[in-house]
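Here's the structure, in structure tokens; my notes come after.
Protein chains: 2
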Amino acid sequence: MTSDKILLNHGAGGKLTSELISNLFVKYFDNEILRNQTDSAILNIDSRLLAFTTDSYVVDPIFFPGGNIGKLAVCGTVNDLSVSGAKPLYLSCGFIIEEGFLFSDLEIIVKTMSEEASKAGVKIVTGDTKVVDKGKCDKIFINTSGIGMLDERRKSISFGTEINVGDKIIVNGNIGDHGTAILCARNSIEYSNSVLSDCASLYGIISNVLNTSSDIKFMRDATRGGVATVLCELAKKQNVGIEIFEASIPVQESVKGLCEIFGFDPLYMANEGKVVMVAGKNDADLILDVLKNHEFGKNTAIIGEIVETNKGLLIMNTEIGGRRIVDMLTGEQLPRIC
Amino acid sequence: MTSDKILLNHGAGGKLTSELISNLFVKYFDNEILRNQTDSAILNIDSRLLAFTTDSYVVDPIFFPGGNIGKLAVCGTVNDLSVSGAKPLYLSCGFIIEEGFLFSDLEIIVKTMSEEASKAGVKIVTGDTKVVDKGKCDKIFINTSGIGMLDERRKSISFGTEINVGDKIIVNGNIGDHGTAILCARNSIEYSNSVLSDCASLYGIISNVLNTSSDIKFMRDATRGGVATVLCELAKKQNVGIEIFEASIPVQESVKGLCEIFGFDPLYMANEGKVVMVAGKNDADLILDVLKNHEFGKNTAIIGEIVETNKGLLIMNTEIGGRRIVDMLTGEQLPRIC
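Sequence order for the protein chains is A and B. Quick note: to get the working numbering, add 191 to the position in the first sequence (first position is 1). Quick note: to get the working numbering, add 191 to the position in the second sequence (first position is 1).
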């Protein structure tokens with residue numbers, strides 16, 4: 192560790208987070224399941240495969256264009272289970288609430304959670320509520336943990352071990368919407384073409400794909416750290432080269448513009464309704480069709496492929512014809528994005 | 192709800208917590224599993240019975256005599272699974288950390304968690320770290336969720352549906368230690384006979400009992416709200432009368448003294464290593480022996496029994512020969528006790 196104190200960047204999903212996980216959590220909690228560092232832990236309980244995941248949500252502001260902290264807490268955990276190839280079944284839900292928080296706001300959040308859980312077909316079955324004195328937390332933090340059931344045939348999807356040269360990289364639409372929506376909400380930016388968070392439960396669209404093709408090699412939702420972080424981690428972990436093409440990456444004009452103004456790169460911006468898939472090249476067009484036919488996949492695009500060269504690296508082919516290495520994020524794009 | 196704002200008491204484990212759960216969470220998240228309001232949700236996944244539970248820990252101070260927030264986070268969730276009759280298998284762990292928190296303190300906490308997980312035979316398999324700006328949370332909050340495997344024969348233990356008149360109420364030692372330790376730590380009280388938290392993983396002692404007797408009708412760990420709350424809830428839920436005998440309830444002299452000074456009742460004080468059991472009268476002495484032979488059960492006592500009269504009520508037979516109804520806690524004993 193380079194600092195003796197925890198910095199905001201330790202929670203940003205980039206290099207420092209990765210170091211903290213490896214040097215502290217994996218070191219002390221050491222076990223084979225954790226060491227895999229998959230989004231969901233893959234458990235074998237009495238010959239049944241389960242996916243198990245947890246996330247705490249501390250997003251600021253708690254209400255934002257396109258959602259609220261409750262919607263995020265359900266969708267985020269449902270998505271972590273879904274991208275592991277599992278069918279999400281049950282969620283737990285732990286609230287930490289600041290004394291004086293409006294009951295009416297809590298009711299809106301809980302109602303949203305209930306609606307999102309119904310949409311995703313999951314049940315919230317256990318919970319916990321803690322209240323801390325005023326000033327000791329910021330309004331409300333929510334933890335959701337989730338359990339899903341995993342088919343043996345889909346076990347490798349979390350790991351990406353079946354990836355081959357020639358496989359295609361697919362993303363189910365415009366990137367950077369969630370990060371940009373939070374950025375605008377936090378800075379009270381209002382304009383005619385305002386950006387909504389893409390926060391959504393991806394179980395439906397993912398199961399459509401899994402039911403159509405057995406050639407999905409890897410999935411990961413591109414939350415903190417964005418699409419770039421997902422692909423950097425994958426390239427490194429599976430020691431493959433990944434090339435992406437800037438011209439193919441779907442980004443809304445308004446997101447592009449706002450990112451330019453604030454000096455952010457959409458490729459690192461958080462999404463809450465985007466999955467990065469790696470699929471065998473023969474099925475890629477079929478998968479594209481299935482994704483495009485779903486309301487959360489209209490702007491799906493093939494953005495790159497697995498290549499023979501530059502093992503362990505993510506290479507961007509820029510719109511103006513250049514090539515550059517895309518590295519893990521070292522600084523913080525935005526704190527408390529989720 | 193009587194207030195339009197969340198009060199500290201909503202998190203105290205007493206009447207207001209109970210109202211919040213019923214009027215908000217159970218209302219909106221409505222499903223049969225949650226409606227049972229067992230400590231752990233009992234799930235049937237592909238014909239396997241699992242227990243699933245979550246707790247967020249916000250204890251203040253984070254280091255206290257007898258433990259720290261990390262020890263609490265592992266033991267608390269292990270205990271919630273254990274009292275449902277399940278074998279705890281896997282934990283998740285979500286950290287919310289204040290910017291500037293000392294890395295060395297985090298390392299102590301994580302090391303303790305690892306040690307407690309080993310003792311309890313559970314693996315920490317998935318996690319999440321969020322960092323919030325300085326002043327937006329109080330040092331560190333930890334959520335742990337847990338999964339355990341449950342034997343069909345033990346399914347009713349969470350519910351207490353098998354309870355009969357004549358069954359004995361057993362507690363595995365001195366009550367009120369954890370609450371008193373936190374009280375002293377928070378008020379910087381130091382004296383010759385200082386009280387340590389009883390924070391401990393109860394899986395070992397509980398499994399000894401379950402392996403000896405099949406006559407355990409109910410278990411619950413007596414955390415927030417103490418032994419009184421566990422028994423009030425049980426009396427109401429199963430519509431049975433419960434009588435307890437003040438003279439039989441084990442309480443350390445120092446805890447009694449401190450509770451008198453601060454105006455607290457040990458019966459409502461939080462414990463983190465105490466289980467309240469209801470057992471058939473024929474096996475009660477056998478169970479007593481097994482508990483007393485374990486390091487966490489030396490002061491085990493039978494403190495009462497299920498009676499025919501006063502259905503739905505908890506009655507205390509006082510040391511001076513009186514009788515009184517013990518009700519659910521309406522006020523807050525101590526906030527942020529766990």
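Ideal Cβ placement from N, Cα and C applies to all residues, glycine included. In this text the structure is predicted, and so the values were computed from the model without any measurement.
Neighbour-count burial assignment, residue 521 of chain A, 16 or more Cβ in a 10 Å radius: exposed
Proximal chain A residues relative to residue 201 of chain B, where beta-carbon distance stays under 8 Å: 288, 320, 322
Close Cβ partners of residue 458 of chain A (< 6 Å) along its chain, the five nearest in sequence each way excluded: Closer than 6 Å at Cβ, skipping near neighbours: 417, 418, 419.
Length of the line joining the Cα atoms of residue 434 of chain B and residue 226 of chain A: Within the model, the alpha-carbon separation for residue 434 of chain B versus residue 226 of chain A is close to 51 Å.
For residue 453 of chain A, verify whether its CB is less than 7 Å away from any heavy atom of the ligand NAP. Questions concerning the ligand NAP fall outside what the structure shown contains, since it holds no ligand whatsoever.
Rounded to a whole number of angstroms, what is the C-alpha to C-alpha distance between residue 399 of chain A and residue 398 of chain B? 44 Å
Quick one, which of A:353, A:253, A:395 has its alpha-carbon nearest residue 372 of chain A's? A:253
How about residue 412 of chain A: is its C-beta nearer than 8 Å to some C-beta of chain B? no
Counting only C-beta atoms, is residue 192 of chain A closer than 8 Å to chain B at any point? Note that residue 192 of chain A has pLDDT 46, beneath the 50 cutoff, so the model's placement of it is unreliable and the number below is only indicative. Chain B, which has a Cβ nearer than 8 Å to the Cβ of residue 192 of chain A, makes this yes.
Residue of A:223, A:368, A:430, A:466 minimising C-alpha distance to residue 407 of chain A: The option with the nearest alpha carbon to residue 407 of chain A is A:466.
So, do the segment 496-512 of chain A and the segment 351-362 of chain A have three or more beta carbon pairs nearer to each other than 8 Å? yes
Throw me the rounded Cβ distance for the residue 319 of chain A and residue 199 of chain B pair, which I believe falls under 8 Å. Contact doesn't hold; Cβ gap of about 16 Å is too wide.
Taking the DSSP output, what are the residues bridged to residue 243 of chain A? A:232, A:338
Thinking residue 235 of chain B and residue 285 of chain B are a contact (beta carbons under 8 Å), I'd like their distance in whole angstroms, please. Residue 235 of chain B to residue 285 of chain B, Cβ: 26 Å. No contact.
Whose CA, out of B:229, B:527, B:490, lies closest to the CA of residue 532 of chain B? Within the shown structure, residues of chain B are numbered from 192 to 529, placing residue 532 of chain B beyond reach of any answer.
Residue 518 of chain A at chain B interface by Cβ criterion, 8 Å: Cβ-Cβ to chain B under 8 Å: no for residue 518 of chain A.
Cβ separation of residue 282 of chain A and residue 336 of chain A, assumed to be a contact under 8 Å, to the nearest whole Å: By a beta-carbon distance limit of 8 Å, residue 282 of chain A contacts residue 336 of chain A. Their separation comes to about 7 Å.
Can you list, in chain order, the residues of its chain whose CB lies under 6 Å from that of residue 192 of chain A, leaving out five sequence neighbours each side? Since pLDDT at residue 192 of chain A reaches only 46, below the 50 mark, its modelled position is unreliable, and no value is offered.
Is there at least one Cβ from chain B nearer than 8 Å to residue 338 of chain A's Cβ? Residue 338 of chain A counts as touching chain B.
Are residue 270 of chain A and residue 300 of chain A touching if we call contact CB-CB under 8 Å? no
Should residue 528 of chain B go down as buried or exposed, given a rule of 16 or more other Cβ atoms within 10 Å for buried? Classified as buried, residue 528 of chain B has 16 or more neighbouring CB atoms from the shown chains inside 10 Å of its CB.
Report yes or no: is there a C-beta of chain A within less than 8 Å of the C-beta of residue 360 of chain B? no
What would DSSP say about residue 298 of chain A, mapped onto helix, strand or coil? Note: residue 298 of chain A maps to helix in three-state DSSP.
Collapsed DSSP secondary structure at residue 390 of chain A in the structure displayed: Assigned with DSSP and collapsed to three states, residue 390 of chain A falls in coil, not helix or strand.
Using a Cβ-Cβ cut-off of 7 Å (strictly less than) and excluding sequence neighbours within five positions of residue 205 of chain B, which residues of its own chain qualify? If we look at residue 205 of chain B and ignore the five residues flanking it on each side, its Cβ neighbours are 416, 420, 519, 520, 521.
Cutting at 6 Å between CB atoms, please list the residues of its own chain near residue 267 of chain B, excluding the five before and the five after it. 246
In angstroms, rounded to a whole number, what distance separates the CA positions of residue 351 of chain A and residue 409 of chain A? 5 Å
Chain-ordered chain A contacts of residue 285 of chain B [CB-CB under 7 Å]: What residue 285 of chain B touches in chain A: 245, 246, 247, 334.
Quick check on residue 317 of chain B: does DSSP put it in helix, strand or coil? strand
Counting only Cβ-Cβ distances shorter than 8 Å, please list the residues of the segment 298-312 of chain A near chain B, keeping chain order. 298, 301, 302, 304, 305, 308
I'd like to know whether the C-beta atoms of residue 339 of chain B and residue 241 of chain B end up nearer to each other than 8 Å. yes
Nearest residue (CA-CA) to residue 401 of chain A, options A:274, A:451, A:263: A:274
Where does residue 293 of chain A sit, in a helix, a strand or coil, going by DSSP? strand
Residue interval of the alpha helix (DSSP H) (run including residue 377 of chain A): 368-377
Which partner residues does residue 254 of chain A have in the DSSP bridge list? Answer by DSSP bridge pairing, in chain order: A:259.
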